[in-house]
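K.L.:
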Amino acid sequence: MTQPLLSVKNLTVEFKTRTGTVHALENVSFDIGAGQIIGIIGESGSGKSVCAYTIMGILDRAARVTSGEILFEGRDVLAMRRAERNQWRGAEASIIFQSPRTALNPIRSVGDQICDVIARHLPVPAAEVRKRAIDALRQVRIPDPERRMKAYPYELSGGLCQRVGIASALACSPRLLIADEPTTGLDVTTQAVVMDLMRDLARARGLAVALITHDLALASEYCDHLAIMHAGHVVETGPTTQVIAAPRHPYTQRLLRSVPSSVTCLADLEAIDGSLPDLRRNDLSPCRFAERCTRRLSTCDAPALHLENSGPGRFVACRNPL
Amino acid sequence: MLARIVLRLLGAIPTLFGVVLATFLLTRVLPGDPAVFFASNPTMNASDIEALRQSLGLDKSLPQQFWIYLTDLMHGDLGQSISTGLPVLTELKNRLPASAELTILAFLIAIAVAIPLGVIAALKPGSLVDHASRVIATLGVSLPTFVAGLLLIYLFYFQLGVAPEPIGRLDPFMFAPDRITGFLTIDALIVGDFEVFRAALAQMILPAVTMALFALAPLTRMTRASMVGALGSEYVRTARANGLKRTQIIWTYAFRNAMLPIITSLGMTFSYMLGANVLVERVFAWPGIGAFAMDSIINLDYAPLQGFMLLMAAIFILVNLTTDLLTAVVDPRAAK
Amino acid sequence: MTRATLDTLRYNLRENRLNLVAFLLFALILLCAIFGPWLAPYDPLQSNADVALQPPSAQHWFGTDQLGRDLFSRVLTATRLDLTLAFSAVILSCTIGSIIGAIVGYRGGIVDGVTSRLVDVLMAFPLFVLAMAMVAALGNSIINVIYATAVINLPFYIRLTRTEVRVRRDLAYVEAAKVAGASDFRILTKFLLPNVASPIVIQASVNLGWAVLNAAGLSFLGLGVKPPTPEWGIMVAEGAKFITSGEWWIAFFPSLALMLTVFTFNLLGDALRDILDPRMRT
Numbered sequence: 267m268t269q270p271l272l273s274v275k276n277l278t279v280e281f282k283t284r285t286g287t288v289h290a291l292e293n294v295s296f297d298i299g300a301g302q303i304i305g306i307i308g309e310s311g312s313g314k315s316v317c318a319y320t321i322m323g324i325l326d327r328a329a330r331v332t333s334g335e336i337l338f339e340g341r342d343v344l345a346m347r348r349a350e351r352n353q354w355r356g357a358e359a360s361i362i363f364q365s366p367r368t369a370l371n372p373i374r375s376v377g378d379q380i381c382d383v384i385a386r387h388l389p390v391p392a393a394e395v396r397k398r399a400i401d402a403l404r405q406v407r408i409p410d411p412e413r414r415m416k417a418y419p420y421e422l423s424g425g426l427c428q429r430v431g432i433a434s435a436l437a438c439s440p441r442l443l444i445a446d447e448p449t450t451g452l453d454v455t456t457q458a459v460v461m462d463l464m465r466d467l468a469r470a471r472g473l474a475v476a477l478i479t480h481d482l483a484l485a486s487e488y489c490d491h492l493a494i495m496h497a498g499h500v501v502e503t504g505p506t507t508q509v510i511a512a513p514r515h516p517y518t519q520r521l522l523r524s525v526p527s528s529v530t531c532l533a534d535l536e537a538i539d540g541s542l543p544d545l546r547r548n549d550l551s552p553c554r555f556a557e558r559c560t561r562r563l564s565t566c567d568a569p570a571l572h573l574e575n576s577g578p579g580r581f582v583a584c585r586n587p588l
Numbered sequence: 064m065l066a067r068i069v070l071r072l073l074g075a076i077p078t079l080f081g082v083v084l085a086t087f088l089l090t091r092v093l094p095g096d097p098a099v100f101f102a103s104n105p106t107m108n109a110s111d112i113e114a115l116r117q118s119l120g121l122d123k124s125l126p127q128q129f130w131i132y133l134t135d136l137m138h139g140d141l142g143q144s145i146s147t148g149l150p151v152l153t154e155l156k157n158r159l160p161a162s163a164e165l166t167i168l169a170f171l172i173a174i175a176v177a178i179p180l181g182v183i184a185a186l187k188p189g190s191l192v193d194h195a196s197r198v199i200a201t202l203g204v205s206l207p208t209f210v211a212g213l214l215l216i217y218l219f220y221f222q223l224g225v226a227p228e229p230i231g232r233l234d235p236f237m238f239a240p241d242r243i244t245g246f247l248t249i250d251a252l253i254v255g256d257f258e259v260f261r262a263a264l265a266q267m268i269l270p271a272v273t274m275a276l277f278a279l280a281p282l283t284r285m286t287r288a289s290m291v292g293a294l295g296s297e298y299v300r301t302a303r304a305n306g307l308k309r310t311q312i313i314w315t316y317a318f319r320n321a322m323l324p325i326i327t328s329l330g331m332t333f334s335y336m337l338g339a340n341v342l343v344e345r346v347f348a349w350p351g352i353g354a355f356a357m358d359s360i361i362n363l364d365y366a367p368l369q370g371f372m373l374l375m376a377a378i379f380i381l382v383n384l385t386t387d388l389l390t391a392v393v394d395p396r397a398a399k
Numbered sequence: 128m129t130r131a132t133l134d135t136l137r138y139n140l141r142e143n144r145l146n147l148v149a150f151l152l153f154a155l156i157l158l159c160a161i162f163g164p165w166l167a168p169y170d171p172l173q174s175n176a177d178v179a180l181q182p183p184s185a186q187h188w189f190g191t192d193q194l195g196r197d198l199f200s201r202v203l204t205a206t207r208l209d210l211t212l213a214f215s216a217v218i219l220s221c222t223i224g225s226i227i228g229a230i231v232g233y234r235g236g237i238v239d240g241v242t243s244r245l246v247d248v249l250m251a252f253p254l255f256v257l258a259m260a261m262v263a264a265l266g267n268s269i270i271n272v273i274y275a276t277a278v279i280n281l282p283f284y285i286r287l288t289r290t291e292v293r294v295r296r297d298l299a300y301v302e303a304a305k306v307a308g309a310s311d312f313r314i315l316t317k318f319l320l321p322n323v324a325s326p327i328v329i330q331a332s333v334n335l336g337w338a339v340l341n342a343a344g345l346s347f348l349g350l351g352v353k354p355p356t357p358e359w360g361i362m363v364a365e366g367a368k369f370i371t372s373g374e375w376w377i378a379f380f381p382s383l384a385l386m387l388t389v390f391t392f393n394l395l396g397d398a399l400r401d402i403l404d405p406r407m408r409t
């Protein structure tokens, strides 16, 4: 089995805040293979974005990575020196964000911003930088890219802004793209256009994509694999079709039942009782879903709960899986 | 761009008119009959006083006086100063450079200290620089200008002896260069008189620092807050995520965006400084327009006071226009 | 004050020592203002040529001035006057300015346009000189200083309230109230003004500092309050003449009092900002 492009192993991240330490991520592990599109699914507060930011190295000052490794092509990015990490970001792995327009510098032209990224990572002359920037815009199917180079973010629609974001993220041909809720702020038709574009680019370039979203339907349509997160834990991973058809973790099942699809009607939707545990507590149980779980056993409070292999390519962290 | 300037100037006309009207009314409310006040020459009798009053136009009705004033204004005639006998326009022309020179130097000092301080404080939150900038800011704003001036005089002139005596723009034993711009320092440089240049600059430093102290506080605060906001923005996060170099992120991405509210702040600070220099001019015996305004008030001299207010308002409007244009240059959204 | 505000208050004072200091200093100054005249060891107006120009000593903690008056008593007594000036001016301009701003912001239209223009005109003036002219015009008295200070501070409150009301007047809960039949007056007083109160209170506390500086500045120039009334600005003006001959204490102690007071008001403004609206923190 070839080495995965990205391998997150036992990542634990904490935030020091005025009201206590937030245990944002605990023992998070998952792999992304080259050319795969993996969806990281979870509610708000499940730690999906923290995961993404930790991989990219753009966490807040108050964050501490207390344990774990992030292996990118075998190298632990967490152990990289700052200069090396800075080189790596944007060139070998990139990220796009949720609100496309605010993610762009409002007083700098779109072309200049893409050129900044290219000039930073690729030692090519200025004329070449510009040519590549125009090319990047063309690749994300922006019509009349030369003219658009001079445009400012406020002149562009949300969808166009997100495409510019994708262009600047892919300008230096990274091997991993993290997309943090890239289409949440866009309307449905634009969503489809942007997602299709990302998928096409990924396939064409052999790019690995980590799609972070709370939208199960979106993930089920575009992702090969899923990693379900809950309250800072990865609770289940596996190929999309299998996870959706036969979920192993009770949370995944409840999640699927709470989301409308073409076969259910409103009355069939089930909410999950309770709410996310307060991650500042020091007495958090090993399984953070236990308090809300209908399949809870007495063994669920035993420590050292890990992701266990439960089939080819499938992992689940549960003592009473489905 | 030209259309924008014209539009803004046109928009300023009502405000300017309001200022003209307001100053006119204000000065007419001043008690006392100036004619009597200045006709204190004992050889003047009642008919002479009456003649003086007529020549000053004080016997006409208020609306008539206003109309006369307005028409005179259109011709560039700001009236005559009763106490000095010179046309107001001349007086203002003579005295404005003194205040302007001082204010500009103070302004430059304030910017040179406040902006770097604010940027560093924003880059290192919670550090010594950050706390120091906050303390300086709060102290600067708590210190009355006249206290600051007196304190500086006490320290640097009286105790340390490094500053010259605070008696105005130039040591009375020096000869001022021929008036070209009215700015002593620049004029001295133009004629190559370095002795006078040095002396004039030395006289300016203490009052300029006094004025700068007051402007330092809001500017530092504003810069720090603006910079913190910019550094925490989403586009800076994107820049970081794309691996851009730290210097580029700080200056091209964060600082340029942070400049926008700072520019507006700078404009307001400049206007305020120009108008508020009465106290500084009093403490340092500076022959500027602030002192001129003060004298006019005490002497119940209408015309100079009106001229002064009008001049200040005009400068204020001009400064607003400049900040507006500068903002449009930096921020393409505002140019639309 | 609600329970929540009290809790936040307690949390904040514990968290940020500076805020606690602000409140304590404010209490101290207030005490000086209220009890000053009784606590003063000497009569502030009593001159005694024998002890003129004495440096600080055990008998005269702040020294004496050129007429032999005890400086400590004078500075202490002046607290009441300066604070009265500041509070009166700020309360006046705050109340009137907020009401005007609220009405104008809520109504919009021509009323808004005209008032905004008037405020623009007022703000185009060099405000301190305007205050000088007003006091000169109306006469040198305490009440006129209060009026002048109040007038030049009006624009800030008008603009502040206007903006805050404008931002909120189109919000859903105001619409709901309108639909439910609430009168404009009721909407303004029950819904809008309470929410606008925080920024106004914060502005007012900072304003207190400006007002003190303003009054002191006017007195320093000889306008407004006249000697021998003990007022910090006048005392600094009197002391200024003696700086170059070495008798520093005459100007120093009233200056210190001024600084401390304005500093306290500024700190208070910061503290209130932390408590009432942490989002506005700088």
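First to last, the protein sequences are chains A, B and C. In the numbering used here, each residue's number is its place in the first sequence (first place is 1) plus 266. In the numbering used here, each residue's number is its place in the second sequence (first place is 1) plus 63. In the numbering used here, each residue's number is its place in the third sequence (first place is 1) plus 127. Where a beta carbon is used, it is the ideal one built from N, C-alpha and C, also for glycine.
1) Quick check on DSSP: helix, strand or coil for Val178 (chain C)?
2) Where does the unbroken alpha helix (DSSP H) through Arg523 (chain A) begin, and where does it stop?
3) Hey, is Gln353 (chain A)'s beta-carbon within less than 8 Å of any beta-carbon in chain B?
4) Could one say the Cβ of Gly338 (chain B) lies closer than 8 Å to chain C's Cβ atoms, at least one of them?
5) Considering only C-alpha positions, which residue in the set C:Leu319, C:Lys368 and C:Phe153 is nearest to Phe209 (chain B)?
6) Might you give, ordered along the chain, the residues of its own chain that have their beta carbon closer than 8 Å to the beta carbon of Ile161 (chain C), omitting 5 neighbours on each side?
7) Looking at Ala369 (chain A) and Gly425 (chain A), is the spacing between their C-beta atoms short of 8 Å?
8) Helix, strand or coil for Leu452 (chain A) per DSSP?
9) Going along chain A, which residues have a C-beta under 7 Å from Lys156 (chain B)?
10) Given 8 Å as the limit, is there contact between the stretch 280-300 of chain B and the stretch 162-182 of chain B, that is, 3 or more CB pairs closer than that?
11) How many whole angstroms separate the CB atoms of Ala378 (chain C) and Val363 (chain C), which I take to be in contact at a CB cut-off of 8 Å?
12) Taking the alpha carbon of Leu254 (chain C) as the reference point, which residue from B:Thr332, B:Val259 and B:Tyr316 has its own alpha carbon closest?
13) Using only CA atoms, which one of B:Ile131, B:Ile145 and B:Ser146 lies nearest to Gly139 (chain B)?
14) Whole angstroms is fine: what's the gap from Leu443 (chain A)'s alpha carbon to Ser310 (chain A)'s?
15) Using the Cα positions of His387 (chain A) and Pro395 (chain B), report the straight-line distance between them to the nearest angstrom.
16) If you measure from the beta carbon of Asp420 (chain C) to each beta carbon in chain B, is any gap under 8 Å?
17) What would DSSP say about Met261 (chain C), mapped onto helix, strand or coil?
18) Within 8 Å (strictly less), CB to CB, does Arg71 (chain B) reach chain C?
19) I'd like to confirm the pairing. Which residues does DSSP put opposite His496 (chain A) in its beta bridges?
20) For Asn280 (chain C) versus Ala338 (chain C), is the C-beta spacing smaller than 8 Å?
21) Check each residue of the stretch 191-214 of chain B: if its Cβ is closer than 8 Å to any Cβ of chain C, include it; give the result in chain order.
22) Just to confirm before moving on: does the CB-CB distance between Ser117 (chain C) and Gly360 (chain C) stay below 8 Å?
23) With 8 Å set as the bound, which would you pick, yes or no: does the beta-carbon of Met375 (chain B) sit closer than that to a beta-carbon of chain C?
24) Closer than 6 Å by C-beta to Arg67 (chain B): which residues in its own chain qualify, once you throw out the five before and the five after it? Chain order, please.
25) Does any CB atom of chain B fall closer than 8 Å to the CB of Thr409 (chain C)?
26) Mind pulling the chain A residues with CB within less than 8 Å of Gly139 (chain B)?
27) Please confirm whether Ala398 (chain C) and Ala149 (chain C) have their CB atoms less than 8 Å apart.
28) Report the neighbours of Ile380 (chain B) on chain C: residues whose CB is nearer than 8 Å to its CB, in chain order.
29) Could you give the DSSP three-state label for Leu307 (chain B): helix, strand or coil?
30) Against chain C, does Met274 (chain B) count as a neighbour if the rule is that its beta carbon must be under 8 Å from one of theirs?
31) Using the three-state DSSP reduction, which class does Ser184 (chain C) fall into: helix, strand or coil?
32) Can you find the residues in the same chain that come closer than 7 Å, C-beta to C-beta, to Glu447 (chain A), ignoring five residues on each side of it along the sequence?
33) Please state whether DSSP places Glu344 (chain B) in a helix, a strand or coil.
34) Which first and last residues belong to the alpha helix (DSSP H) in which Ala369 (chain A) is found?
35) Does any C-beta atom of chain B lie closer than 8 Å to the C-beta of Gly356 (chain A)?
36) I'd like to know whether the C-beta of Pro77 (chain B) is nearer than 8 Å to at least one C-beta of chain C.
P.N.:
According to the structure data:
1) Look at Val178 (chain C) here: in three-state DSSP terms it is helix.
2) Residues Pro516 to Arg523.
3) True, the Cβ-Cβ gap to chain B drops below 8 Å.
4) Yes, contact with chain C.
5) If you compare the alpha carbons of C:Leu319, C:Lys368 and C:Phe153 with that of Phe209 (chain B), the shortest gap goes to C:Lys368.
6) Within its own chain, the residues whose Cβ lies closer than 8 Å to the Cβ of Ile161 (chain C), once the five positions on either side in sequence are excluded, are Arg207, listed in chain order.
7) No. Outside cutoff.
8) The three-state reading of DSSP puts Leu452 (chain A) in coil, since its state is none of H, G, I, E or B.
9) Result: empty, since nearest Cβ-Cβ is about 40 Å, beyond 7 Å.
10) Contact between the stretch 280-300 of chain B and the stretch 162-182 of chain B is present: three or more C-beta pairs spanning the two stretches fall below 8 Å.
11) A Cβ-Cβ separation of about 5 Å places Ala378 (chain C) in contact with Val363 (chain C) under the 8 Å criterion.
12) That would be B:Thr332, whose Cα lies nearest to the Cα of Leu254 (chain C).
13) Closest option to Gly139 (chain B), Cα to Cα, is B:Ile131.
14) Cα to Cα, the separation comes out at about 21 Å.
15) When rounded, the distance between both Cα atoms is 28 Å.
16) No statement about residue 420 (chain C) is possible, as the shown extent of chain C runs from 128 to 409 and does not include it.
17) In the structure shown, Met261 (chain C) sits in a helix (DSSP, three-state: H, G or I).
18) The Cβ of Arg71 (chain B) sits no closer than 8 Å to any Cβ of chain C.
19) Per DSSP, A:His499.
20) The answer is yes: Cβ separation under 8 Å.
21) For the stretch 191-214 of chain B, which is checked against every Cβ of chain C, the residues closer than 8 Å are Thr201, Leu202, Val204, Ser205, Leu206, Pro207, Thr208, Phe209, Val210, Leu213 and Leu214.
22) For chain C, the structure presents residues 128 to 409; residue 117 (chain C) sits outside this window and is missing.
23) So yes, Met375 (chain B) belongs to the interface.
24) So the list is empty, once near-sequence residues are dropped.
25) No answer about Thr409 (chain C) holds up, because its pLDDT of 39 lies below 50 and its placement is not dependable.
26) Counting only Cβ-Cβ distances below 8 Å, Gly139 (chain B) has no contacts in chain A at all, with the closest Cβ about 41 Å away.
27) Contact flag set, yes.
28) In chain order: Ala251.
29) The answer is coil: DSSP assigns Leu307 (chain B) none of H, G, I, E or B.
30) Not closer than 8 Å to any Cβ of chain C, the Cβ of Met274 (chain B) fails to qualify, so no.
31) In the three-state DSSP reduction, Ser184 (chain C) falls in the coil class, being neither helix nor strand.
32) Beyond the five residues adjoining it in sequence on each side, Glu447 (chain A) comes within less than 7 Å, by CB distance, of Gln364, Ile478 and Thr479 in the same chain, given in chain order.
33) Glu344 (chain B) sits in a helix when the DSSP states are folded into three classes.
34) For Ala369 (chain A), no alpha helix (DSSP H) encloses it, and the DSSP letter there is neither H nor E.
35) Chain B, which has a Cβ nearer than 8 Å to the Cβ of Gly356 (chain A), makes this yes.
36) Closer than 8 Å: yes.
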